[in-house]
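Shown next, in structure tokens, is the structure this report addresses.
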Amino acid sequence: MNRLLILPALLLLSACGGSSEPDALAVVAPTDALCRPTPNGRDATGCYITLTASRDDRLVGVASPLAAEGQIHEMKIQDGVMSMAELKDGLALPAGEAVTLKPGGNHILLLGLTQPLKAGETVSLTLVFEHAGSIGVRARVAQPAVTTGSMHH
Numbered sequence: 001m002n003r004l005l006i007l008p009a010l011l012l013l014s015a016c017g018g019s020s021e022p023d024a025l026a027v028v029a030p031t032d033a034l035c036r037p038t039p040n041g042r043d044a045t046g047c048y049i050t051l052t053a054s055r056d057d058r059l060v061g062v063a064s065p066l067a068a069e070g071q072i073h074e075m076k077i078q079d080g081v082m083s084m085a086e087l088k089d090g091l092a093l094p095a096g097e098a099v100t101l102k103p104g105g106n107h108i109l110l111l112g113l114t115q116p117l118k119a120g121e122t123v124s125l126t127l128v129f130e131h132a133g134s135i136g137v138r139a140r141v142a143q144p145a146v147t148t149g150s151m152h153h
């Protein structure tokens, strides 16, 4: 009788073996994906999104078929001077916390666009996470809403 129980248990253990697949426990929920329309002659644009990770994770890459390159940027003001720099190590996503990439803050920069982006269109983005793997997102093309500190939601 005992031998009959051992075989299914071994099969279950082997099915859980290590692999290079994304971590099954890591899930990132993207919401409110938006890319700015590009003015004539511009081949770069900013994209914004809110990301909520089920466990500590990191946004480490972004790509789009419409852009030669995608970067994760931070924008900060230091000594009254605004600067923008690529986050080479990606963007930390603390577990369960909504991290919003928005105008004037951290954002996605698409460079080398192959065509102008017009309001009303959509852009395909592939977001790459340290643990959750790659996630495809459709971002709408529109001007981001201007928010001020005094507005109530």
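In my numbering, the protein residues as written are 1 to 153. All residues carry an ideal CB built from backbone N, CA and C; glycine is no exception. On a predicted model such as this, the values are computed, not experimentally measured, just so you know.
Check	Outcome
Expected contact under 8 Å - CB spacing of threonine 45 and arginine 36 to nearest Å	5 Å
Proximal residues to valine 137 (C-beta, below 8 Å), its chain only, five neighbours per side dropped	Pro30, Ala33, Ile49, Ser124, Leu125, Thr126 and Leu127
For glutamine 78, the three-state DSSP class (helix, strand or coil)	strand
Residue burial classification, glycine 80 (beta-carbon count within 10 angstroms, cutoff 16)	exposed
With 16 other Cβ atoms within 10 Å as the buried cut-off, status of serine 64	buried
Inter-residue CB distance, aspartate 57 and leucine 101 (contact presumed, cutoff 8 Å)	The pair is not a contact, with the Cβ atoms about 14 Å apart (cut-off 8 Å).
CA-to-CA distance, alanine 26 to glutamine 143, given in whole angstroms	31 Å
Supposed close pair glutamate 86, isoleucine 72 - CB separation, criterion 8 Å	7 Å
Nearest-angstrom Cα separation, counted from glutamine 78 out to glutamate 121	35 Å
Secondary structure of proline 144, DSSP reduced to three states	coil
Status (buried if at least 16 other CB within 10 Å, exposed otherwise) for alanine 68	exposed
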